[in-house]
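Sequence lines, in order, name chains L, H, X, A, G and V. If you count the first sequence from 1, position 91 lands on 90 in numbering that gives the first Met the number 0, and the numbers rise without skipping. If you count the second sequence from 1, position 64 lands on 63 in numbering that gives the first Met the number 0, and the numbers rise without skipping. If you count the third sequence from 1, position 213 lands on 212 in numbering that gives the first Met the number 0, and the numbers rise without skipping. If you count the fourth sequence from 1, position 56 lands on 55 in numbering that gives the first Met the number 0, and the numbers rise without skipping. If you count the fifth sequence from 1, position 209 lands on 208 in numbering that gives the first Met the number 0, and the numbers rise without skipping. If you count the sixth sequence from 1, position 91 lands on 90 in numbering that gives the first Met the number 0, and the numbers rise without skipping. Take a look at the structure set out below.
There are 6 protein chains.
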Amino acid sequence: MDALQQLIAFALTEDIASGDITTDNLISPAVHGQGRIVAKEPMIIAGLDVARQVFEALESDIIWHPCCEDGDEIEAGTVVLEVKGTLRTLLKGERTALNFMQRLSGIATHVRQYVNALDNDKVRLVDTRKTTPGWRTLEKYAVRVGGAYNHRMGLYDGVLIKDNHIAVCGGIKATVAKARQKVSHLVKIEVEASSLAEVEEALETQADVIMLDNMDLEQIRAAVRKIDGRALVEVSGSVVRKDLNRLADTGIDIISSGALTHQARSVDLSMRITR
Amino acid sequence: MDALQQLIAFALTEDIASGDITTDNLISPAVHGQGRIVAKEPMIIAGLDVARQVFEALESDIIWHPCCEDGDEIEAGTVVLEVKGTLRTLLKGERTALNFMQRLSGIATHVRQYVNALDNDKVRLVDTRKTTPGWRTLEKYAVRVGGAYNHRMGLYDGVLIKDNHIAVCGGIKATVAKARQKVSHLVKIEVEASSLAEVEEALETQADVIMLDNMDLEQIRAAVRKIDGRALVEVSGSVVRKDLNRLADTGIDIISSGALTHQARSVDLSMRITR
Amino acid sequence: MDALQQLIAFALTEDIASGDITTDNLISPAVHGQGRIVAKEPMIIAGLDVARQVFEALESDIIWHPCCEDGDEIEAGTVVLEVKGTLRTLLKGERTALNFMQRLSGIATHVRQYVNALDNDKVRLVDTRKTTPGWRTLEKYAVRVGGAYNHRMGLYDGVLIKDNHIAVCGGIKATVAKARQKVSHLVKIEVEASSLAEVEEALETQADVIMLDNMDLEQIRAAVRKIDGRALVEVSGSVVRKDLNRLADTGIDIISSGALTHQARSVDLSMRITR
Amino acid sequence: MDALQQLIAFALTEDIASGDITTDNLISPAVHGQGRIVAKEPMIIAGLDVARQVFEALESDIIWHPCCEDGDEIEAGTVVLEVKGTLRTLLKGERTALNFMQRLSGIATHVRQYVNALDNDKVRLVDTRKTTPGWRTLEKYAVRVGGAYNHRMGLYDGVLIKDNHIAVCGGIKATVAKARQKVSHLVKIEVEASSLAEVEEALETQADVIMLDNMDLEQIRAAVRKIDGRALVEVSGSVVRKDLNRLADTGIDIISSGALTHQARSVDLSMRITR
Amino acid sequence: MDALQQLIAFALTEDIASGDITTDNLISPAVHGQGRIVAKEPMIIAGLDVARQVFEALESDIIWHPCCEDGDEIEAGTVVLEVKGTLRTLLKGERTALNFMQRLSGIATHVRQYVNALDNDKVRLVDTRKTTPGWRTLEKYAVRVGGAYNHRMGLYDGVLIKDNHIAVCGGIKATVAKARQKVSHLVKIEVEASSLAEVEEALETQADVIMLDNMDLEQIRAAVRKIDGRALVEVSGSVVRKDLNRLADTGIDIISSGALTHQARSVDLSMRITR
Amino acid sequence: MDALQQLIAFALTEDIASGDITTDNLISPAVHGQGRIVAKEPMIIAGLDVARQVFEALESDIIWHPCCEDGDEIEAGTVVLEVKGTLRTLLKGERTALNFMQRLSGIATHVRQYVNALDNDKVRLVDTRKTTPGWRTLEKYAVRVGGAYNHRMGLYDGVLIKDNHIAVCGGIKATVAKARQKVSHLVKIEVEASSLAEVEEALETQADVIMLDNMDLEQIRAAVRKIDGRALVEVSGSVVRKDLNRLADTGIDIISSGALTHQARSVDLSMRITR
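Take a look at the structure:
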């Protein structure tokens with residue numbers, strides 16, 4: 000079982016546990032049916048394959064007909080997929096499958112709004128590690144479906160040096176050198192800088208990416224001029240959609256925003272089950 | 000390991016995997032520090048104990064000082080807790096602990112707004128099964144912290160008979176009788192009804208709770224009059240805060256709303272780490 | 000993997016571990032065979048599907064022919080099922096499959112004797128939580144196969160207030176009110192009462208079920224009269240089969256008995272394997 | 000986690016799942032108490048340490064005072080152990096701890112009756128693999144506590160050649176030779192024989208143990224004379240207590256009986272909880 | 000999942016974790032291909048079935064054509080197997096499948112050299128418990144493929160009494176008697192002896208196997224004469240290939256050597272993938 | 000439990016399973032002792048902390064005195080560590096702890112020989128993904144202890160584009176562009192090139208690292224000249240120690256070698272246990 004299958008098993012267990020006492024007691028395992036998942040509002044759909052895996056975890060040979068693809072922009076009323084199997088499977092898997100799709104589509108829809116608002120081809124809008132615990136891979140997938148990009152997946156696949164690391168190691172220079180010495184040559188090193196002086200120091204360490212922390216637009220422009228292509232420039236923080244373009248126009252490379260994931264709300268999908 | 004400990008282990012694994020390549024390479028395991036989690040906006044705090052378990056999963060003997068309790072309404076700038084341990088533990092656990100607290104406090108805060116908006120002591124506002132997969136128990140806890148109530152935890156601890164069950168079993172009467180026969184005498188039986196005729200039938204089956212489906216206020220009032228205390232009356236659907244009181248004033252007992260959980264957004268908490 | 004699959008995997012591991020050193024060393028994986036499970040004494044059969052899952056855990060495409068259904072009363076000598084697969088699978092799964100069926104059928108048979116002894120349609124004979132750890136769901140299933148009913152599945156799906164809870168909360172009234180306030184509206188509340196005075200108090204709290212504790216037949220009759228249909232009445236304790244009807248005739252609704260599960264013995268089934 | 004800890008975790012999960020809705024809602028985590036487990040009938044006690052691990056799985060620092068040792072013969076009314084911890088832990092762990100002890104003590108008590116009935120120092124009474132799935136190691140431990148011995152633990156730690164193995168391999172001789180060639184020199188080989196001719200053949204293979212299958216006392220005596228100490232002699236089957244000594248007096252070495260485990264019933268223990 | 004499936008899942012997780020960021024981003028799941036595993040040096044092949052299970056864990060319906068069998072001696076350039084499936088599966092499973100086969104074939108090849116060097120039919124060359132943690136069953140299998148034999152699988156399936164056990168129990172005699180009393184009659188008892196006096200004592204205890212510890216060839220011959228067939232004789236220690244026959248010719252029964260597993264190196268296999 | 004704790008639990012289970020039938024039956028849990036792990040040959044020690052975790056998994060409060068540190072070069076006879084605990088824990092954990100340390104120290108020792116042979120400060124010697132399945136993180140740690148560096152940890156934390164990827168995507172240029180577009184800005188992209196023409200193409204894509212495949216020294220020198228610092232240059236393949244310096248002197252940046260891990264053999268450590 001990979002991590003997604005584990006999460007699905009965990010989710011089905013928390014919902015069903017010792018049994019669905021309504022369905023198991025009322026409906027024979029021999030009765031078959033079909034379900035249609037329908038969008039109740041406009042959205043960017045995401046998570047079709049996760050929903051399939053939910054139903055397959057309950058019954059290995061369901062019949063699965065997706066009617067659109069992850070990333071499609073759909074209208075209210077669109078039939079998203081059809082699934083056939085025993086009525087028991089449909090009734091037991093319905094809520095969990097919808098809960099997955101509603102949140103993933105919610106994130107994709109939310110992210111697409113940011114992406115559409117951003118009028119700048121050269122700037123990459125990326126997510127952060129502010130994801131729902133247990134959902135890191137799924138939510139980062141939904142961000143890509145929405146049209147934005149991923150920052151590192153976790154603490155294991157990218158170096159991001161913050162003030163605490165620098166304080167303990169004794170200065171940016173020593174810190175970056177030590178990190179460079181220890182990590183694989185395939186890993187880039189990013190350093191936080193909160194002043195032009197720190198940007199200067201970071202440049203001397205040949206950091207691959209510099210993250211500008213708590214700077215206003217003026218300072219950001221100055222930092223970009225100083226860096227002058229010698230490192231990628233990232234700006235993070237509480238970015239709101241209307242500020243996106245002013246920020247992007249400063250010449251930076253990357254805007255990272257936790258809001259892409261943690262400010263998204265579920266969108267409304269429902270399932271109609273018939274025999 | 001109980002289910003929460005499993006979710007925490009799963010969350011730490013998805014973030015740290017083979018190692019925190021920044022912190023493990025830069026900071027010796029001997030360095031100690033302290034962290035303060037601070038509210039960046041007003042909120043109802045929830046999840047203090049989950050955050051404690053996150054840090055304890057990394058280091059069994061951290062020192063833990065909560066400065067408030069789940070359910071407290073706090074202002075921006077409030078110090079929520081202090082934690083002491085190795086700097087490695089603080090840096091590795093920070094994001095996961097915050098991600099748990101931000102979502103749980105977000106739900107508690109969102110729910111409290113509904114609770115405060117409801118001007119009716121006799122009506123119980125309850126959640127649904129529309130929760131983030133993997134988070135059922137946690138999110139239902141946050142709903143209680145926010146001041147609302149829980150519907151059943153899952154498919155295993157309450158009978159909710161819907162149109163599909165009735166269609167297969169051949170009528171409400173047969174369905175409820177069959178369910179009553181099969182389940183424990185400690186379990187109540189709830190039946191969906193979408194017309195006054197169905198309400199009438201449900202009453203004859205001695206259902207414990209009747210859920211009115213897709214009725215307008217006038218129909219709801221008629222149903223309440225007909226039921227006349229012989230069953231609890233629940234209304235579900237897309238309730239918005241401003242409609243709450245008009246709905247409550249119809250005389251129903253329970254308003255259930257998926258929005259309590261799936262429309263909540265994370266609130267902003269941060270952690271300041273020092274040596 | 001659901002909980003039953005986990006128990007089956009656990010059981011196969013404890014029996015086979017690093018390998019069946021007799022069969023793996025003597026019999027090629029290419030040899031096929033068939034097995035017949037036969038009853039060696041009269042019994043109520045239970046657990047056919049569990050046995051199937053045991054063999055399928057070893058070989059996904061066995062051929063499975065059940066010759067009767069759970070709940071059937073069968074004579075000694077009856078062929079219960081036939082299974083075809085590799086000889087390795089049959090020899091490795093035999094003991095575990097039989098161990099499951101022998102215990103489940105043993106419980107079903109034992110329970111059926113109680114059910115047959117009970118001459119009262121209005122009284123429900125129910126089990127307790129006195130089940131073999133790890134087997135709760137299975138043993139409660141066997142109880143239903145035997146013809147009796149289930150009490151709550153565990154601590155999570157029904158409230159049962161005992162003297163300790165009442166002592167800590169300060170009286171029955173406060174205790175029931177607090178419980179009612181905290182749990183879902185779909186959960187019933189049962190209260191233990193060991194005297195008529197306590198029955199009176201429980202009635203005032205509008206408990207859904209009252210469990211009469213340690214009362215003689217006379218007291219039980221008095222309690223039933225006092226309760227007069229305002230709550231379900233349960234009697235528990237060391238009920239022996241010959242007392243069942245005298246107890247039932249007091250007018251109570253439910254007799255619960257741990258003996259249904261913990262006093263049952265395995266019945267005798269064997270498997271004949273041929274090539 | 001070793002296998003016992005896994006079974007305990009599994010058992011607590013099946014009982015508590017998403018929470019003890021009575022105790023968690025009524026009793027604060029700060030309230031402490033003590034419990035006394037008391038024998039309600041005479042028994043051989045077994046499983047004290049398992050009960051301790053149940054409570055420790057809920058609360059790591061409970062205070063534990065056993066008042067007797069596994070294997071002690073105790074009277075009704077004997078206090079078996081005292082445990083102190085939070086009232087929540089005592090109430091949640093009570094049933095699971097008792098369920099473990101009742102079954103293990105039931106087996107030990109049942110086995111002791113057989114052991115006491117056997118009047119022959121030279122014969123070893125042993126169990127079989129007819130144990131409750133999931134409980135192999137525990138039940139075999141209870142057999143030893145009762146005073147009898149263990150046969151192999153599973154299919155992995157002893158060779159037992161039956162008719163099916165012989166039929167496939169082409170005769171006892173070839174079968175035993177093949178097995179001897181394949182398994183470790185530390186593993187003994189046992190062969191089933193159902194006639195004196197088969198006993199003769201088994202002897203020629205230098206089998207370490209010969210199991211006499213379906214023979215009457217006369218045949219058994221003849222087989223023992225023929226074997227004459229060249230192999231251990233085991234007799235299995237549905238041994239009843241009164242036949243034990245006649246069987247033992249035939250000169251065999253080992254009597255194996257599945258009844259030691261699968262015909263045992265739980266004994267009665269209860270827990271008194273006070274603040 | 001049995002233990003091998005668990006190890007395979009663990010291995011795939013450590014390699015793939017949150018995703019193969021090269022292949023998942025570049026190659027569509029619809030593209031199919033085939034792979035050929037080829038020997039890059041002469042070897043005894045082992046682990047074909049493990050490799051199959053690696054690919055099947057990624058894609059249940061791969062097409063699998065082994066071109067030789069475990070135990071075959073093959074030349075450099077030999078095609079070992081062909082596998083067809085999606086290109087994603089081939090690229091993701093390649094390294095893990097090869098890593099398993101390279102180590103198992105390495106052990107089989109290394110062991111075969113010892114086996115070929117040993118010119119004595121009566122002596123059994125066996126492995127020890129010096130195996131790679133997590134790989135016990137696999138490496139012991141590779142030893143058998145190479146042509147040698149297994150000692151016990153672990154601490155659970157054979158008694159090996161060493162000086163520490165004897166010191167605590169008070170002498171060999173008491174120790175062996177106690178062990179004999181406690182373990183199944185199917186388990187043999189082996190005792191370490193480091194002098195002729197200890198050999199004498201071990202013989203009196205009727206130990207099944209005597210392990211001669213730290214003796215030179217002369218002492219070993221004397222021990223063999225003294226034992227004279229009353230127990231199996233094992234010699235362990237740092238055996239080098241050229242000493243094997245002189246040791247074997249002393250008349251002992253078993254030579255055990257940890258070097259069979261822990262001194263083996265991986266052999267070279269590669270996989271050619273085409274569309 | 001993190002991944003290492005899982006591997007340790009897995010390893011202890013494969014060795015101990017249902018119990019250490021020698022030690023559990025002979026030695027009371029109350030007897031304490033101490034163990035000393037001693038080097039039997041010169042080595043670079045690695046894995047001290049893993050051994051500690053093995054013993055702690057058996058007994059949480061052992062007393063642990065390491066006498067050296069991972070990375071130390073020690074002589075035969077050196078006492079590596081002392082551990083105190085119950086004799087049971089020492090005897091049960093001994094083999095597993097040693098098996099871990101012997102392999103990890105074997106790799107560290109083997110790697111150190113390569114590192115010492117390399118006379119070039121500017122070249123980084125790195126490992127590959129040719130590690131023992133289940134041991135990736137541990138073996139890569141031992142490589143660092145030996146003084147060499149790590150390549151990517153797995154398929155998840157670095158992009159390595161090979162001929163198959165290029166063939167499917169249609170040329171290096173399209174492939175690298177697609178990968179760059181999809182992965183995080185913190186991940187570097189490495190491309191395999193097997194001719195100067197391919198090196199040229201790779202340079203145009205602005206690959207971060209170019210891996211020269213199957214080139215002789217002359218071709219490598221030409222490639223280095225062409226690349227001229229615009230990308231890191233890696234050479235892989237079957238590097239033998241005596242070729243290292245000639246290869247390093249071509250001006251490349253990285254030499255990767257699977258032999259660092261898969262050609263290492265265990266070194267000899269033993270444990271002396273006393274009361």
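Yeah, the Cβ is synthetic: ideal placement off N, Cα and C, and Gly gets one too.
Checking the sheet assignment: what are the DSSP bridge partners for G/T85?
G/T85 is bridged by DSSP to G/H31.
Proximity winner among G/G169, G/E58, G/A2 and G/A221, relative to G/A29 (alpha-carbon distances)
Nearest C-alpha to G/A29 among G/G169, G/E58, G/A2 and G/A221: G/E58.
Along chain G, in chain order, which residues have C-beta atoms closer than 7 angstroms to that of V/C168?
Using a Cβ-Cβ cut-off of 7 angstroms, V/C168 is close to L25 of chain G, given in chain order.
Any beta-carbon of chain G closer than 8 angstroms to the one on L/T136?
Using a CB distance cut-off of 8 angstroms, L/T136 counts as an interface residue toward chain G.
So H/A2 contacts chain L; which residues on that side make the cut at Cβ distance below 9 angstroms?
From the beta-carbon of H/A2, the residues of chain L found nearer than 9 angstroms are F9, T12 and E13.
If the cut is a Cβ gap below 7 angstroms, which residues of chain X does L/S17 touch?
Here the neighbours are T136 and M152.
Supposed contact pair L/T95 and L/V53 - C-beta distance, whole angstroms, cut 8 angstroms
Indeed they touch by this definition, with Cβ atoms about 5 angstroms apart.
Taking the alpha carbon of L/L117 as the point to measure from, which residue in L/V266, L/T273, L/N244 and L/Y148 has its own alpha carbon closest?
For L/L117, the nearest C-alpha among the options comes from L/N244.
Please confirm whether H/E81 and H/Q33 have their CB atoms less than 8 angstroms apart.
Against a cut-off of 8 angstroms, the Cβ pair of H/Q33 and H/E81 comes out as a contact.
Can the beta-carbon of L/K187 be found closer than 8 angstroms to that of V/L185?
Between L/K187 and V/L185, the CB-CB gap stays under 8 angstroms.
Taking only beta-carbon positions, decide if H/L234 is within less than 8 angstroms of chain X.
Before going on, a small fix: residue 234 of chain H reads as Val here, not Leu. The beta carbon of H/V234 sits no closer than 8 angstroms to any beta carbon of chain X.
Leaving out the 5 sequence neighbours to the left and right, which residues in its chain are closer than 8 angstroms to V/R240 when beta-carbon positions are compared?
Apart from the 5 residues on each side of it in sequence, V/R240 sits with its Cβ closer than 8 angstroms to the Cβ of Q112, Y113 and A116 in its chain, given in chain order.
Given a limit of 8 angstroms on CB to CB distance, which residues of the stretch 111-141 of chain H reach chain L?
Listed in sequence order: R128, K129, T130, T131, P132, G133, W134, R135 and T136.
So which of H/V142, H/I20 and H/F9 has the shortest CA-CA distance to V/N149?
Per the Cα distances, H/I20.
Among G/M214, G/G146 and G/S193, which one has its Cα closest to the Cα of A/V182?
Out of G/M214, G/G146 and G/S193, G/G146 has the C-alpha closest to the C-alpha of A/V182.
Kindly identify the DSSP beta-bridge partner or partners of V/E189.
V/L159 and V/V208.
Range covered by the alpha helix (DSSP H) that runs through H/V198
From DSSP, the alpha helix (DSSP H) with H/V198 extends over L195 to E203.
Between X/F99 and chain A, is the shortest Cβ-Cβ distance under 8 angstroms, so that the two count as touching?
So yes, X/F99 belongs to the interface.
Roughly how many angstroms lie between the CA atoms of G/G157 and V/E13, to the nearest whole one?
So the alpha carbons of these two residues sit roughly 14 angstroms apart.
Could you tell me whether any Cβ in chain L is nearer than 8 angstroms to the Cβ of V/N213?
Contact of V/N213 with chain L is not assigned, every C-beta pair being separated by 8 angstroms or more.
With V/L231 and V/I254 assumed to form a contact (beta carbons below 8 angstroms), what rounded beta-carbon distance in angstroms separates them?
Contact flag wrong, Cβ pair sits at about 12 angstroms.
Does V/Q262 come within less than 8 angstroms of chain G when only Cβ atoms are used?
Contacts with chain G at 8 angstroms (Cβ-Cβ) include V/Q262.
So which residues of chain A does X/S265 contact, with C-beta pairs closer than 8 angstroms?
Those within 8 angstroms of X/S265 in chain A are K129, H261 and Q262.
Beta carbon of G/I219, beta carbon of G/V198: below 8 angstroms?
The answer is no: Cβ separation not under 8 angstroms.
Using a Cβ-Cβ cut-off of 8 angstroms, state whether H/I61 counts as contacting chain X.
Not closer than 8 angstroms to any Cβ of chain X, the Cβ of H/I61 fails to qualify, so no.
Using a Cβ-based criterion (distance less than 7 angstroms to any ligand heavy atom), does G/D162 qualify as near the ligand NAD?
Of the ligands one can find in the structure shown there are none, so the ligand NAD has no counterpart to examine.
Enumerate in chain order the residues of its own chain whose CB-to-CB distance from L/K225 is below 8 angstroms, with the five nearest sequence positions on each side excluded.
Counting only Cβ-Cβ distances below 8 angstroms, and skipping sequence neighbours, we find L195, V198, E199 and L202.
In or out: V/T273 buried (at least 16 other Cβ within 10 Å) or exposed?
Under this definition V/T273 is an exposed residue.
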